[in-house]
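Everything below concerns the one structure shown next.
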Amino acid sequence: MDIVAGTAVAVLIFAVLGKVISLPFRIVWKLITNSVVGAIILWVVNLFGAGIEITFLRALIAGFFGIPGVVVLLIARLAGH
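Going by this note's numbering, the first residue of the sequence shown is number 102, and it counts up by one from there.
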């Protein structure tokens with residue numbers, strides 16, 4: 102009976118540890134995915150002549166905030182920043 106209880110506790114501990122360890126990887130993966138999507142959005146906007154240089158930070162802003170982020174980048178570009 103002690104072996105069954107010990108095995109159940111071990112499985113529970115490994116499940117919790119797996120969940121805790123996988124969380125940062127999901128956050129990093131989402132950050133990378135959003136950056137790629139942001140770069141694609143900026144590239145499409147640049148097809149219309151916006152002239153925004155695509156950098157990692159700008160792609161991250163566009164990916165994280167979506168369309169409002171692209172609008173802010175456009176306003177900053179038009180303001181000369």
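We put the CB at the ideal spot given by N, CA and C, even for glycine. None of these values were measured; they are calculated from a predicted model.
Neighbourhood of residue i by C-beta, 8 Å cutoff - its chain only, sequence neighbours within 5 removed
{"i": "F161", "result": "The residue you asked about is not Phe; residue 161 is Leu in the sequence shown. L132, N135, S136 and G139."}
{"i": "L175", "result": "V146, A151 and I153"}
{"i": "F157", "result": "S136"}
Span of the alpha helix (DSSP H), counted from its first residue to its last, around residue i
{"i": "A106", "result": "D103 to L148"}
{"i": "I176", "result": "I168 to A180"}
Close beta carbons around residue i, own chain, < 6 Å, minus the five adjacent residues each side
{"i": "F165", "result": "N135"}
Chain-order list of residues whose beta-carbon lies under 7 Å from that of residue i (same chain, five-residue window excluded)
{"i": "A163", "result": "G139, I142, L143, G170, V171 and L174"}
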